[in-house]
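Everything in the sequence shown is counted per the working numbering, starting at 11 for the first residue and increasing by one.
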Amino acid sequence: MTFYRIFSTCLLALLACSSMALAQVPQKSIDRVNQMPDLPRPLKIIDFTALAKDFDRKIYDFNAKGKYWPMIWIDSSKRNFPQNVAGIYTAVGDVRQGLNNHKGIFHEALTTMGAVLGASLVGIDKSAQQYNYVAMLKNYFNKETGWNIMMNNTCPEVALLGGGYGRDWWYDVYPNVLFYSIYSLYPDETDFEAIARSIAEKFHAADSVLQGNYNYSFFNYATLTPTKNQICIQPDAAAGQAWVLYMAYKKFGDKRYLQGAINAIKALLALNENMTYELLMPYGAYVAAMLNAEEGQQFDFHKILDWSFAGDAQCREGWGVLTGNWNGFDISGMVGSTVHNGGYGFLMNTYDLALPLLPMVRYDASYAAAVGKWMLNAANVARLFYPQYMPANHQTLSNAMAISKGVIAYEGIIKKSLYKESEHLAAPVAQGDGPLWVQDKNPKASQLSVYGSGHVGIFGGTIQPTNVPGILQLDLLAADFFHREAYPTHLYTNPYTATKTIIIQNRSKQPVDLYNTLEGKFVARNIRQSFNYKISPQKSAVLVQVPAGATITKAEGKLLANNVVIDFRKN
11 MTFYRIFSTC
21 LLALLACSSM
31 ALAQVPQKSI
41 DRVNQMPDLP
51 RPLKIIDFTA
61 LAKDFDRKIY
71 DFNAKGKYWP
81 MIWIDSSKRN
91 FPQNVAGIYT
101 AVGDVRQGLN
111 NHKGIFHEAL
121 TTMGAVLGAS
131 LVGIDKSAQQ
141 YNYVAMLKNY
151 FNKETGWNIM
161 MNNTCPEVAL
171 LGGGYGRDWW
181 YDVYPNVLFY
191 SIYSLYPDET
201 DFEAIARSIA
211 EKFHAADSVL
221 QGNYNYSFFN
231 YATLTPTKNQ
241 ICIQPDAAAG
251 QAWVLYMAYK
261 KFGDKRYLQG
271 AINAIKALLA
281 LNENMTYELL
291 MPYGAYVAAM
301 LNAEEGQQFD
311 FHKILDWSFA
321 GDAQCREGWG
331 VLTGNWNGFD
341 ISGMVGSTVH
351 NGGYGFLMNT
361 YDLALPLLPM
371 VRYDASYAAA
381 VGKWMLNAAN
391 VARLFYPQYM
401 PANHQTLSNA
411 MAISKGVIAY
421 EGIIKKSLYK
431 ESEHLAAPVA
441 QGDGPLWVQD
451 KNPKASQLSV
461 YGSGHVGIFG
471 GTIQPTNVPG
481 ILQLDLLAAD
491 FFHREAYPTH
501 LYTNPYTATK
511 TIIIQNRSKQ
521 PVDLYNTLEG
531 KFVARNIRQS
541 FNYKISPQKS
551 AVLVQVPAGA
561 TITKAEGKLL
571 ANNVVIDFRK
581 N
């Protein structure tokens, strides 16, 4: 009788466990990522977290000494809101900027918002420093013009100076993506809710006007008029609109915003050719994955991911993700032009691609291996933008290290330099476009990009090393803004041809069970401090740290632990 009871108990337990187990997730490939090395060389992953904190400390120092420093000033023009706002140089020494140029009104949201977001992702409270830098971002909300969305500048007076004021669609959409990202981290900031609602209303109105046709250069959000000009049409603006509207739906629960997001994704998927322009296209894949997982949609968004990487964009010729080895340097993973002077990758775009791709893997684990491989290559090449990590004979400025103070990188890495005096340099060449923006006026030092360097916290807040070089711990929650309740979730990819053992740390105060979404099962129980986890050769794992002993249930095809989703699959 005792044997029967033991046998029955074990059998019931086995059946219970198997009923909760899910099939392994087949991995989907991205053609461009397949061309990247599994293990880039020379391999060196820098400490992006420390770099982001150092950037914040030095750039926000109003008393910084040195040629071209400080990089920050106070603009007291009080546009849109009756408050001062901090301006930060777009590029080192940019003659259009600073307190003594154009009354200090020319500064870009891509720079200031990127710096605030990056610092916040590595744990810095930007609302509680010398100034409340989070509150200062309100000045980019262009209510004086009637647009009533975030824009890249605070006023139209800077239109002739640059910065994409109301003529280049991605410049109008992306500041709103950055704002909503920051709003997620600072939900109680004064006026942010009203601003977020206004943006959502404007984007919903735009979607209603466009009726699925996003084939325009930009959209006038004041008059609700789509327009074409000399700039490429940018239908991938639909991806940015979709993301903002879905975030607004998650925040406010208004079904109109949900429908607007669905409409925008349908418009994007209706495209028959790659219309990637700058950096919005991958947000379409992220939103589609969320809509599939959370709202029961059935979007096949693979082509959006392929377009984001492919480098065969139709209007923005060659825009995508670079691959290759230039004179012994693996440069794969950079985002930019695959054709300009043999290839030209940009730091900000490379950092920012992680914002949609990493959290996307939470909702669709079939891209875990591809995203993990890209992230390793991107993290490896990112260091080469910085003067201290690029050999001196591969960069265009002889004094870059002294000027950058270790925190400002070159804007880009190119195969053949744009500058006649640097044509002799062998690829890869670290340089920037700053001197070309204001011909014969901007100094050579403006090749160093403050705007791109400020986004370093995106990598700093999502990438941590493990005990095995080349195997990264990638945080899938950090940039999953406005996500519903979730447990710590990380992606690990083994680029080696041998099994590797990594140490998984439990950072919480309570024991956890480890659930692998790729295998659809728990792989470890009751971890109090750390666990040695074996990853098979060239395989990935998405590990969720679930409270030990949590009640496991299924609902609507999802697997839940204590009523919190840990696996979104529909089966």
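Every residue gets a Cβ at the ideal spot worked out from N, C-alpha and C, and that includes glycine. Everything numeric in this text was worked out from a predicted model, so none of it was measured.
With a cutoff of 9 Å on beta-carbon distance, ASN526 and ALA508 are scored as not near each other.
A direct Cα-Cα distance of roughly 36 Å separates TYR224 from SER137. Annotated three-state conformation of GLN269 is helix, per DSSP.
Under the three-state reduction of DSSP output, SER137 falls in the coil class, being neither helix nor strand. Judged by DSSP in its simplified three-state form, PRO557 adopts strand.
Taking a 10 Å sphere around the C-beta of SER540, we find fewer than 16 other C-beta atoms and assign the residue as exposed. Contact check for GLU305 against ILE272 passes: the beta carbons are separated by less than 9 Å. Checking the DSSP bridge columns, you'll see GLY330 partnered with ALA320 and GLY346. Cα atoms of LEU446 and ASN111: separation of roughly 18 Å, rounded to the nearest angstrom. Per the C-alpha coordinates, the member of LYS261, ASN536, SER456 and TYR293 positioned closest to LYS519 is ASN536. Following the DSSP letters along the chain, one finds ALA455 in no beta strand (DSSP E), marked with neither H nor E. ASN162 and ALA247 have their C-alpha atoms some 15 Å from each other. A Cβ-Cβ separation of about 20 Å leaves ILE243 out of contact with SER218 under the 8 Å criterion. DSSP, reduced to helix, strand and coil, places TYR525 within a strand of the structure shown. With 16 or more other Cβ atoms inside 10 Å of its own Cβ, ASN452 counts as buried.
VAL439 sits close to LYS426, with the two beta carbons spaced by under 9 Å.
Inter-residue distance for ASN359 and MET81 is about 21 Å (C-alpha atoms, whole angstroms). Distance from ILE134 to LYS63 at the Cβ level is roughly 7 Å; contact confirmed, criterion being Cβ atoms closer than 8 Å. Beta-bridge partners of THR563 (DSSP): LEU570.
GLY76 has its alpha-carbon roughly 44 Å from the corresponding atom of ALA295. If you ignore the 5 residues before and after THR348, its C-beta comes within less than 7 Å of the C-beta of GLY321, GLY328, GLY330 and LEU332, all in its own chain and listed in chain order.
As computed with DSSP, TYR420 is found in a beta bridge with LEU458. Secondary structure at PRO50: coil, using DSSP grouped into helix, strand and coil. The residue from ALA119, LEU368, ARG579 and TYR396 with its alpha-carbon nearest to that of ALA412 is TYR396. Separation of the CB atoms of ASN158 and TYR267 is rounded to 16 Å, and the pair is thereby denied contact status at 8 Å. With distances taken between CA atoms, LEU278 lies nearest to PHE309 out of GLU421, PHE309 and TYR190. Remark: C-beta atoms of ALA558 and PRO521 approach each other more closely than 9 Å. Its chain contains MET161, ASN162, ASN163, PRO166, VAL168, ALA169 and TYR181 as the residues whose beta carbon lies nearer than 8 Å to that of TYR175, once the 5 sequence neighbours on both sides are disregarded; these appear in chain order. Membership of PRO185 in any beta strand (DSSP E) is not indicated; the residue belongs instead to the alpha helix (DSSP H) covering 179 to 195.
Scanning its chain for C-beta atoms nearer than 7 Å, with the 5 sequence neighbours on each side dropped, one finds around TRP83 the residues GLY97, GLY108, LEU109 and GLY114, in chain order. In the three-state DSSP reduction, PHE469 falls in the helix class (H, G or I). Residue burial is scored here from C-beta neighbours: ASP523 has at least 16 other C-beta atoms within 10 angstroms and is therefore classed as buried. Residue range 354 to 356 is occupied by the beta strand (DSSP E) that includes TYR354, with no alpha helix (DSSP H) assigned at that position. Contact annotation: ALA419 and GLY462 have beta-carbon atoms nearer than 9 Å. Using a Cβ distance threshold of 9 Å, GLY172 and ARG89 do not count as a contacting pair. In its chain, beyond the 5 residues on either side, LYS54, ILE56 and TYR399 have a beta carbon closer than 7 Å to the beta carbon of ARG393.
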